[in-house]
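Counted from 1, the sequence shown has number 93 at position 88 by our numbering; the numbering is strictly sequential.
Working notes, beginning with the structure itself.
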Amino acid sequence: MEINRNSNIGQIVAENYKAAAVFKKHGIDFCCNGNRTIERAVGKKEDGPDQLIRELKEAVAEKNNGSIDFKSFPLDLLADYIEKTHHRYVTQKISEITPFLQKIVQVHGMNHPELMEIERLFMLSAGDLSAHMKKEELVLFPYIRGIVQAQLSGGNKPNSVIDSAASYIAEMEKDHDAEGERFRTISALT
């Protein structure tokens, strides 16, 4: 994998999950803000992109111990994996975090008003993420499975189907970006 100043940070993590720890160490959001180059993500930090690039190259060069190659997954399998692994995880964590957050606000909110804003933002995010995941599960993923089935049965997909899928995916990416921004606001409040 070639890593340079113009490499897309989200793509780097998609190709090798070990890069995620490096980005996290440097406070770089590769998920909801992953559609940036290394140079743009680093901005005007003192070290510039060179140190980050060195660390990324070291991380991805490490021997791979049984990690999953998601790029090799057929799209329908990837949709299943996302739904069964990540959607379940997010749903579970929302259910776990909500009562704790509510209790913290109830007990400490008067002395720390920022907690009320954190709770408000988290609850908005929980609702929006739940709706977003449902859209993926009820619309996008079945659509992807249909495209894969059409390919397997030898059917051709018209360009309008591909364009429609690309448009829907772009809309979903905007949702991801909005949630990333909301969580950056929560992070700034804490």
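The C-beta atom is built at its ideal place from N, Cα and C for all residues, glycine as well.
Here the structure is a predicted model, which is why all the values come from computation and not from measurement.
Candidates the options: closest to residue i by CA position
i    : options               : result
I174 : Q156, L61, A155, L80  : L80
R10  : S169, G53, C37        : G53
S192 : G114, L120, T103, K23 : L120
I109 : S135, E124, N40       : E124
H31  : I58, P104, E20, V65   : I58
Q107 : N116, L61, M128, R93  : M128
V27  : H181, Y94, Q56        : Q56
V153 : L126, A84, P118       : A84
R41  : I102, D182, R189      : D182
E67  : K50, K23, H117        : K23
S100 : S77, A131, Q111       : A131
E63  : A170, I73, A25, E178  : A25
Proximal residues to residue i (C-beta, below 8 Å), its chain only, five neighbours per side dropped
i    : result
G185 : D34, C36, C37, N38
M6   : I17, E20, N21, V65
E142 : E88, H92
K144 : The amino acid occupying residue 144 in the given sequence is Val; Lys does not appear at that position. Correct list, in chain order: Y173.
L112 : In the sequence as displayed, the identity of residue 112 is Val instead of Leu. Correct list: empty, nothing qualifies.
Neighbourhood of residue i by C-beta, 7 Å cutoff - its chain only, sequence neighbours within 5 removed
i    : result
L194 : E119, E122, I123
V95  : L134, M138
T190 : L126
G114 : L120, M121
Contact under 8 Å by Cβ, residue i with residue j
i  : j   : result
I8 : L61 : yes
Contact set for residue i: own chain, Cβ-Cβ below 6 Å, skip 5 residues either direction
i    : result
R187 : L126, S130
K140 : none
G160 : none
D180 : H137
Indicate whether the contact test is met: 3 or more Cβ pairs, each with one atom in the stretch 7–18 and one in the stretch 38–46, closer than 8 Å.
yes
Do the stretch 23–40 and the stretch 86–95 meet, that is, are 3 or more Cβ pairs less than 8 Å apart?
Contact fails: fewer than three Cβ-Cβ distances are below 8 Å.
Quick check: the stretch 126–137 against the stretch 145–154, are at least 3 beta-carbon pairs closer than 8 Å?
no
Could I get the ranges of all uninterrupted alpha helix (DSSP H) runs contained in the stretch 57–104, with 4 residues as the minimum, in chain order?
80–86
Start-end ranges of the alpha helix (DSSP H) lying completely within the stretch 98–143, minimum 4 residues:
119–140
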